[in-house]
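Asker:
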Amino acid sequence: MSVTHSTRLQMKFSDAADAKRRSPSLRLKVLGFARNFSKAASFVSERPRSLSVMMLTGLTRVCAVIALVMCACGSSEAGCADRPSPRCCPGRNNECVERSARRSVCYCDTYCRRSGDCCDDYQSACHISAAVDCEVRQWGPWSPCSSVCGAGTTERSRQVATPPHNGGTPCPDLKQRRGCLAHTQTCSAAKEVAKILPDSFKRNFKDPWRRPHMLMKEEKKSYCVQMRVKQASAACKVKPWSAGLVPERTVCVECQSDAMTTDNRCRGDGLQNIRSFWSAASAPGCSGSWVRESFSEDCRCPSYSMIFV
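Residue numbers (the UniProt record's numbering): 1 to 309.
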């Protein structure tokens with residue numbers, strides 16, 4: 001059963017400390033043997049020539065064997081190649097452990113590439129290809145501002161050209177986003193302040209004093225907008241008709257022919273789902289903001305509604 005990464009690191013450090021404790025003892029043994037060898041050599045020098053040659057020959061052979069053993073221990077590349085089958089383990093396997101040439105703990109599982117504790121011969125012994133880093137293309141253009149008027153956001157993206165393989169560097173961010181401020185022709189319409197009156201002030205009426213030869217103004221079809229009130233000042237409570245302008249209440253406002261401008265619309269009729277502002281013409285100090293929810297052509301608002309001035 002695998003243990004956590006912290007336990008694995010503790011095992012690694014404890015094994016390394018154990019190897020460090022064992023290493024000095026080996027060096028002390030070699031140094032002790034060298035001291036004994038010097039004493040033996042001085043002893044042999046005091047003996048007859050034939051005996052000295054025989055003893056020196058024996059000591060030379062022993063030293064040669066010890067030197068070969070020490071060289072083999074120091075130069076052998078222990079690691080994944082010394083493991084029994086299977087040499088390499090998929091995923092994370094803390095039992096897939098071996099000792100390196102420096103007698104430190106190393107691993108032969110796939111997870112070692114992420115934790116950085118692979119054996120020196122991991123790639124060659126496990127037939128792992130070289131790491132391939134992620135490569136991305138150039139950034140694309142910035143998108144239009146998300147807001148028609150005022151503050152919004154814009155973003156851009158880029159594509160992956162070469163995905164990472166074999167523990168290569170992962171891909172950087174593929175999307176970027178930043179703020180923007182929209183200044184369009186539609187934005188100017190949102191800045192208009194609507195002036196409203198109750199529907200009792202009907203503007204379309206017949207003038208009894210109009211002369212027959214006077215040209216009659218062409219009457220245009222009216223339209224209606226449904227506005228949801230967001231803010232209303234305290235002065236709106238003075239007049240009975242403006243007292244109904246309370247937050248989160250939907251009111252119908254009619255744009256009649258005489259209030260239309262040259263572009264066949266009433267000033268301040270707002271934009272869809274964008275906050276705009278209004279002011280009550282017959283109630284001083286009564287003003288606020290609202291959001292247009294719907295638009296209907298060729299319609300009439302019900303009684304006790306509002307009209308644009």
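Cβ coordinates follow ideal geometry from the N, Cα and C atoms, glycine included.
Out of G91, S233, C106, which one is the CA nearest neighbour of A81?
Answerer: Position 81 of the sequence shown, counting from 1, holds the residue named residue 81. That would be C106, whose Cα lies nearest to the Cα of A81.
Asker: Closest to W241 by CA distance: which of V97, A194, F201 is it?
Answerer: As a first step, residue 241 is located in the sequence shown; it is residue number 241 there, counting from the start. Selected option, being the one with the closest Cα: F201.
Asker: Just how far apart, CA to CA, sit C180 and C96?
Answerer: Translated into positions along the sequence shown, residue 180 becomes position 180. Translated into positions along the sequence shown, residue 96 becomes position 96. Taking the straight line joining both Cα atoms gives about 54 Å.
Asker: Tell me where the beta strand (DSSP E) around R228 begins and ends.
Answerer: The residue given as residue 228 occupies position 228 in the sequence shown. From DSSP, the beta strand (DSSP E) with R228 extends over 223–232.
Asker: Quick one: any contact between the region 103–119 and the region 135–146, if contact means 3 or more CB pairs under 8 Å?
Answerer: These segments do not touch.
Asker: Find out if the Cβ-Cβ distance for the pair V132, T162 is shorter than 8 Å.
Answerer: As a working note, residue 132 is residue 132 in the sequence shown. As a working note, residue 162 is residue 162 in the sequence shown. A contact, by the Cβ cut-off of 8 Å.
Asker: If I follow the unbroken beta strand (DSSP E) through R156, where does it start and stop?
Answerer: Position 156 of the sequence shown, counting from 1, holds the residue named residue 156. First-last of the beta strand (DSSP E) with R156: 150–157.
Asker: Which residue's Cα is closest to the Cα of residue 349: S257, W290, N273?
Answerer: The displayed coordinates of the chain run from 1 to 309. Any statement about residue 349 would go beyond what the structure contains.
Asker: Less than 7 Å between C-beta atoms, sequence neighbours within five positions excluded: which residues of the same chain meet that for Q231?
Answerer: Here the question's residue 231 lines up with position 231 in the sequence shown. Here the set comprises P247, G288, S289.
Asker: G79 and Y111: beta carbons closer than 8 Å?
Answerer: Within the sequence shown, numbered from 1, the residue matching residue 79 stands at position 79. Within the sequence shown, numbered from 1, the residue matching residue 111 stands at position 111. No.
Asker: Taking 8 Å as the threshold, find out whether the region 170–177 comes into contact with the region 189–201 through three or more Cβ pairs.
Answerer: No, the region 170–177 does not touch the region 189–201.
Asker: Below 6 Å CB to CB, which residues in the same chain sit around S115 once its five sequence neighbours on both sides are set aside?
Answerer: The residue you call residue 115 lines up with position 115 of the sequence shown. Same-chain partners within the cutoff: there are none.
Asker: Among C286, T261, E293, D298, whose alpha-carbon lies nearest the alpha-carbon of V309?
Answerer: The sequence position of residue 309 within the sequence shown is 309, counting from 1. Considering only alpha carbons, the answer is T261.
Asker: Could you spell out where the beta strand (DSSP E) holding S276 opens and where it closes?
Answerer: The sequence position of residue 276 within the sequence shown is 276, counting from 1. Here the beta strand (DSSP E) through S276 covers 275–280.
Asker: Work out the CA separation of W278 and L245 for me, nearest whole Å.
Answerer: Looking up residue 245 in the sequence shown gives position 245. Looking up residue 278 in the sequence shown gives position 278. Straight-line Cα distance between these residues: approximately 11 Å.
Asker: Sorted by chain position, which residues of the same chain lie with C-beta nearer than 7 Å to P170's C-beta, five sequence neighbours on each side aside?
Answerer: The residue labelled residue 170 in the question sits at position 170 within the sequence shown. If we look at P170 and ignore the five residues flanking it on each side, its Cβ neighbours are C134, P164.
Asker: Helix, strand or coil for K237? Go by DSSP, reduced to three states.
Answerer: As a first step, residue 237 is located in the sequence shown; it is residue number 237 there, counting from the start. Of the three classes helix, strand and coil, the one that applies to K237 here is helix, per DSSP.
Asker: Do you know how far the Cα of D117 is from the Cα of R102?
Answerer: Translated into the one-based positions of the sequence shown, residue 102 becomes position 102. Translated into the one-based positions of the sequence shown, residue 117 becomes position 117. Their backbone Cα atoms lie some 13 Å apart in a straight line.
Asker: Secondary structure at residue 323, three-state DSSP: helix, strand or coil?
Answerer: Only positions 1 to 309 of the chain appear in the structure, and residue 323 is not among them; the question remains open.
Asker: Residue range of the beta strand (DSSP E) that Y107 falls in?
Answerer: As a first step, residue 107 must be located in the sequence shown, where it is residue number 107. Run containing Y107: 105–107, per the beta strand (DSSP E) assignment.
Asker: With which residues is C89 paired in a DSSP beta bridge?
Answerer: Locating residue 89 in the sequence shown gives position 89, where the first residue counts as 1. D109, per the DSSP bridge assignment.
Asker: Rounded to whole angstroms, what's the CA-CA distance from D269 to V225? Just pull it up for me.
Answerer: On the sequence shown, position 269 is the one that residue 269 refers to. On the sequence shown, position 225 is the one that residue 225 refers to. The alpha-carbon atoms of D269 and V225 are separated by roughly 7 Å.
Asker: What is the residue span of the beta strand (DSSP E) that S287 lies within?
Answerer: Taking the sequence shown and counting its residues from 1, the one referred to as residue 287 is at position 287. Looking at the DSSP string, the run of the beta strand (DSSP E) that includes S287 is 287–297.
Asker: In whole angstroms, what separates the C-alpha of R137 from that of E155?
Answerer: By one-based count along the sequence shown, residue 137 stands at place 137. By one-based count along the sequence shown, residue 155 stands at place 155. Using only the alpha carbons, I get a separation of about 16 Å.
Asker: State the Cα-Cα distance for the pair L68 and C119, rounded to the nearest angstrom.
Answerer: In the sequence shown, counting from the first residue as 1, residue 68 sits at position 68. In the sequence shown, counting from the first residue as 1, residue 119 sits at position 119. Confidence is the limiting factor: at L68 the pLDDT is only 46, short of 50, which leaves the residue's position unreliable, though a coordinate-based value still follows. If I take the Cα positions, the gap works out to 24 Å.
Asker: What is the DSSP secondary structure of C96, counted as helix, strand or coil?
Answerer: Walking along the sequence shown from the start, residue 96 turns up at place 96. Coil.
Asker: Answer yes or no: do D173 and E254 have a C-beta to C-beta separation smaller than 8 Å?
Answerer: Translated into positions along the sequence shown, residue 173 becomes position 173. Translated into positions along the sequence shown, residue 254 becomes position 254. Cβ distance not < 8 Å, so D173 and E254 don't count as in contact.
Asker: Quick check on S276: buried or exposed, where buried means 16 or more other Cβ atoms within 10 Å of its Cβ?
Answerer: Residue mapping note: residue 276 aligns to position 276 of the sequence shown, counting from 1. Counting Cβ neighbours within 10 Å, S276 comes out buried, since at least 16 surround it.
Asker: Looking at R300 and S222, is the spacing between their C-beta atoms short of 8 Å?
Answerer: The residue labelled residue 222 in the question sits at position 222 within the sequence shown. The residue labelled residue 300 in the question sits at position 300 within the sequence shown. Result yes, Cβ atoms of S222 and R300 sit closer than 8 Å.
Asker: Of the choices R99, G168, A151, I196, whose alpha-carbon is the least far from that of S305?
Answerer: Position 305 of the sequence shown, counting from 1, holds the residue named residue 305. Among R99, G168, A151, I196, the Cα nearest to that of S305 belongs to I196.
Asker: Quickly, what does DSSP pair T262 with across the bridge? List them, please.
Answerer: Within the sequence shown, numbered from 1, the residue matching residue 262 stands at position 262. None, per the DSSP bridge assignment.
Asker: Starting from A125, trace the alpha helix (DSSP H) in both directions and tell me its first and last residue.
Answerer: The sequence position of residue 125 within the sequence shown is 125, counting from 1. 122–125 is the extent of the alpha helix (DSSP H) around A125.
Asker: May I have the straight-line CA-CA distance separating C126 from R99, to the nearest angstrom?
Answerer: The residue you call residue 126 lines up with position 126 of the sequence shown. The residue you call residue 99 lines up with position 99 of the sequence shown. Between C126 and R99, the C-alpha separation is close to 16 Å.
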